[in-house]
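Residue numbers for the sequence shown follow the UniProt record's numbering, so the first one is 1 and each next one is one higher. Glycine included, each C-beta is placed from N, C-alpha and C at the ideal position. Note that the structure is predicted; figures quoted are calculated from it, not measured. Encoded as structure tokens, the structure appears first; notes follow it.
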Amino acid sequence: MIVLQVNGLTKSFSGTDILSNVQLEVQHRDRVALVGRNGAGKSTLLKIIAGEMTADSGDLIIPKDVRIGYLEQHSGIDSTLTIWEEMMTVFEHLHDMEKRLRLLEVQMADPAIYESPEEFERVTKEYDTLQTDFKDSGGYQYESDTRSILHGMRFYPSDYDKEVNLLSGGQKTRLALAKMLLSKPDLLILDEPTNHLDIETLGWLEKYLVGYEGALLVVSHDRYFLDQIVTLVYEVSRRKVTKYTGNYSNYLNEKAKNYERDQKLYERETTERARLEEFVQKNIARASTSKMAQSRRKIIERTDWMESPDGEEKSAKFTFSIDRPSGNDVLAFDDLAIGYDGVPVSEGLDMRVYKGDRIAIIGPNGVGKSTLLKTIIKKHDTLAGTIRYGTNVQFGYYDQEQATLIGTSSVLQELWNDWPMMNEKDVRGILGRFLFTGDDVSKPVTSLSGGEKARLSLAKLMLKKSNTLLLDEPTNHLDLDSKEVLENALDGFPGTIIFVSHDRYFINRIATKVIDINSTEAVEYLGDYDYYLEKKLEKAELLAESLSAATINTTGNEKVVVDDDKEKKRQERRLSRAIAELETEIAVLDEKIVELQAELENKAHSDDHIKLMEIQAFIDAAQNDHDLKAEEWLTLQDELESL
1 MIVLQVNGLT KSFSGTDILS NVQLEVQHRD RVALVGRNGA GKSTLLKIIA GEMTADSGDL
61 IIPKDVRIGY LEQHSGIDST LTIWEEMMTV FEHLHDMEKR LRLLEVQMAD PAIYESPEEF
121 ERVTKEYDTL QTDFKDSGGY QYESDTRSIL HGMRFYPSDY DKEVNLLSGG QKTRLALAKM
181 LLSKPDLLIL DEPTNHLDIE TLGWLEKYLV GYEGALLVVS HDRYFLDQIV TLVYEVSRRK
241 VTKYTGNYSN YLNEKAKNYE RDQKLYERET TERARLEEFV QKNIARASTS KMAQSRRKII
301 ERTDWMESPD GEEKSAKFTF SIDRPSGNDV LAFDDLAIGY DGVPVSEGLD MRVYKGDRIA
361 IIGPNGVGKS TLLKTIIKKH DTLAGTIRYG TNVQFGYYDQ EQATLIGTSS VLQELWNDWP
421 MMNEKDVRGI LGRFLFTGDD VSKPVTSLSG GEKARLSLAK LMLKKSNTLL LDEPTNHLDL
481 DSKEVLENAL DGFPGTIIFV SHDRYFINRI ATKVIDINST EAVEYLGDYD YYLEKKLEKA
541 ELLAESLSAA TINTTGNEKV VVDDDKEKKR QERRLSRAIA ELETEIAVLD EKIVELQAEL
601 ENKAHSDDHI KLMEIQAFID AAQNDHDLKA EEWLTLQDEL ESL
């Protein structure tokens, strides 16, 4: 069944076409990605489909019974309700049905009030019909569904009574996504849904969307996410939309093949056109050949000549180099504790960084990944432990908030202020490599988009020629093409890289080590993201095996059962040790949560909403860690009691 059809859609702004003659179709259960460069028109097309913007021409066909849900980029929820109350607003129709069912039950309890059997039968029939509709609409499971989705979005029972307006911006965005998923529209439209999600939440969202009953239309720059989810890709480029079958990787392969084919056709047409134009130029003035030349001129004018496959789209071009190499030992953490205003968010961090390492820092939101980078460059003080720095280490820091941009001057001046000895031509040349050309260099920094600010920050980082790069979410705000350019630049970098990212494709491409941090430790994995997943799975499988009742060894065709008494004692010792360790960790987390809550109630922060949201994020991360360890404690305790 078709849930959406777009025919010949055109949209322009100030006389400039953004979209022209767009054709697009979405069937029931389709998983469709809309890809293209920043500014290509993806979000505009989504707004038109969602009814928030009108097209200049063309048809938008949506069946009457199809419900559309649209989640805008950076959208959140502003509400005075609690988290649970806000989620329950999705099910108001079920609440009304439930009230009616309870009323009918009361009426049916006393048949004597009815004047005739027919009237009583009418009530019972209404009850049976309404009860069936209530069940089919999910009336007996909507609360369970709500708890499941809130858990996936990292909201736990302890959060349910929190007022929505007291949440951070990122939490509000996650809550808006949770509410949209609960509403289960026939066509779910998501614009950059992976923003503000940590890696674990991304994994949950992918699994949920794979099994989603409706159709999905998504804009995302997360290539790993697209590969896991989508089966169709529509590329928005040069005002047109082109369809590709398969996931994002298949789209890249097909696009490369199409480019080679189109390049050959373009070269052939260019040669033919040059031949015709040369004939016209030589023969138009001769009486004997003038008519032939005029005929060829008409052919030139009437032919719809092919545009260059490269079009007007340009890619940034840059590399990272260093002034001088660092020593072999770059950094060392020993029992490091990090946080704000004396309140730790992570403790017990031990890590060694060597020259040439490419280290990805991952972990749940609020655990202090960005704080760790800022502590390294001494923007924050260490709360405990030590950081030892190697010889000749020069840091280049990329801030995901672009706080390194002053913002009071033009793009040109922003770069020139930091390197005043460069001449203007060289500064303009460098900006041109980052796609700032012509009047772009005169733009105020405050007026730049997120992607433009990211490119300007990268330009400043390149000029520093540092031998150790600290990158905080460097792919945020970058379109897919710019991400690839950045990856290529980092690939050839001769120094050391430590970066925080939730872009799993980027981690796979760059990282040689993954360090997973939580509130009490940092665990190192010697590989990329896929290796990290593999090792995490192995650990889970080993834990499951160790919790099995008895070990059975097979020798040939005979099964030898290990001595049950010895195995039981071994299991008891192992489980008792694991439970004791968890109890210690839970106690530490309880103390941390109490400290953070006391900090939250500190009157000194009563007017500092940003500070309060930061502290709340740290409480959420610690509470999440606490809940996970408590669940693990219960599992082990049950296993011990069953022995």
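What are the boundary residues of the beta strand (DSSP E) that residue i is part of?
i: residue 8; result: 2-13
i: residue 499; result: 496-500
i: residue 346; result: 343-354
i: residue 57; result: 57-61
i: residue 16; result: 16-27
i: residue 513; result: 513-517
i: residue 415; result: Element bounds for residue 415: not the beta strand (DSSP E) but the alpha helix (DSSP H), 411-418.
i: residue 524; result: 522-525
i: residue 35; result: 31-35
i: residue 217; result: 215-219
i: residue 237; result: 232-237
i: residue 339; result: 329-340
i: residue 244; result: 240-245
Assign residue i to one of two classes, buried (16 or more other C-beta atoms within 10 Å of its C-beta) or exposed (fewer than that).
i: residue 15; result: exposed
i: residue 140; result: exposed
i: residue 534; result: exposed
i: residue 663; result: Summary: the structure shown does not reach residue 663, with the chain confined to residues 1 through 643, and so no result is reported for it.
i: residue 259; result: exposed
i: residue 86; result: buried
i: residue 696; result: Limits of the chain in this structure are 1 at one end and 643 at the other, which puts residue 696 out of reach.
i: residue 663; result: Nothing can be reported for residue 663: it is not among the residues displayed for the chain, which extend from 1 to 643.
i: residue 351; result: buried
i: residue 562; result: The predicted model places residue 562 with a pLDDT of 44, which falls under 50 and marks its position as unreliable; any figure quoted below should be read in that light. Answer is exposed; the Cβ neighbour count stays below 16.
i: residue 606; result: exposed
i: residue 320; result: buried
i: residue 479; result: buried
i: residue 53; result: exposed
i: residue 11; result: buried
i: residue 573; result: exposed
Excluding five sequence neighbours on each side, which residues of the same chain lie with their C-beta closer than 8 Å to the C-beta of residue i?
i: residue 585; result: 520 and 629
i: residue 283; result: 289, 290, 292 and 293
i: residue 299; result: 276
i: residue 399; result: 457 and 472
i: residue 617; result: 168, 170, 171, 365 and 366
i: residue 357; result: 330, 496, 497, 498, 512 and 513
i: residue 325; result: 355, 392, 467, 494 and 495
Taking 6 Å as the limit between beta carbons, can you name the residues of its chain near residue i, skipping five residues before and five after?
i: residue 160; result: 83 and 84
i: residue 244; result: 233, 251 and 254
i: residue 224; result: 504 and 505
i: residue 61; result: 5
i: residue 361; result: 369, 500 and 515
i: residue 318; result: 433, 462 and 489
Could you spell out where the alpha helix (DSSP H) holding residue i opens and where it closes?
i: residue 229; result: 223-229
i: residue 190; result: Element bounds for residue 190: not the alpha helix (DSSP H) but the beta strand (DSSP E), 187-191.
i: residue 398; result: That residue, residue 398, is in no alpha helix (DSSP H); its beta strand (DSSP E) goes 395-398.
i: residue 450; result: 450-464
i: residue 431; result: 424-433
i: residue 82; result: Taken as a continuous stretch (DSSP letters only), residue 82 belongs to no alpha helix (DSSP H), as it is neither H nor E.
i: residue 363; result: From DSSP, residue 363 is part of no alpha helix (DSSP H); its letter is neither H nor E.
i: residue 266; result: 248-283
Output needed for residue i: all residues of its chain with C-beta closer than 7 Å, excluding positions within five of it in sequence on either side, in chain order.
i: residue 596; result: 343, 615, 618, 619 and 622
i: residue 637; result: 579
i: residue 137; result: 94
Taking 7 Å as the cut-off, is the beta-carbon of residue i closer than that to any non-hydrogen atom of the ligand GDP?
i: residue 637; result: Absence of the ligand GDP from the depicted structure is noted, as is the absence of any ligand whatsoever, leaving it without description.
Write down the C-beta distance between residue i and residue j rounded to the nearest angstrom, noting that I regard them as a contact closer than 8 Å.
i: residue 309; j: residue 262; result: 4 Å
i: residue 643; j: residue 568; result: 6 Å
i: residue 396; j: residue 464; result: 5 Å
i: residue 97; j: residue 150; result: Wrong, their Cβ atoms sit about 23 Å apart, outside the cutoff.
i: residue 385; j: residue 333; result: 7 Å
i: residue 191; j: residue 281; result: At roughly 51 Å, the Cβ-Cβ gap does not stay under 8 Å, so residue 191 and residue 281 are not in contact.
Sufficient close CB pairs (3 or more, under 8 Å) joining the region 225-232 to the region 482-497: no
Cβ contact check for the region 33-49 and the region 206-224: 3 or more pairs under 8 Å: yes
Any 3 or more C-beta pairs closer than 8 Å across the region 509-523 and the region 619-627: yes
At least three beta-carbon pairs within less than 8 Å, the region 587-602 to the region 142-152: no
Any 3 or more C-beta pairs closer than 8 Å across the region 402-418 and the region 433-450: yes
Given 8 Å, three or more beta-carbon pairs between the region 17-30 and the region 234-250: With a cut-off of 8 Å, the region 234-250 and the region 17-30 count as touching, because enough Cβ pairs lie within range.
Given 8 Å, three or more beta-carbon pairs between the region 323-342 and the region 375-382: yes
Meets three-Cβ-pair contact criterion under 8 Å: the region 59-71 and the region 186-202: yes
The region 446-463 / the region 418-433 touching (three or more Cβ pairs under 8 Å): Because the criterion of three Cβ pairs below 8 Å is met, the region 446-463 and the region 418-433 touch.
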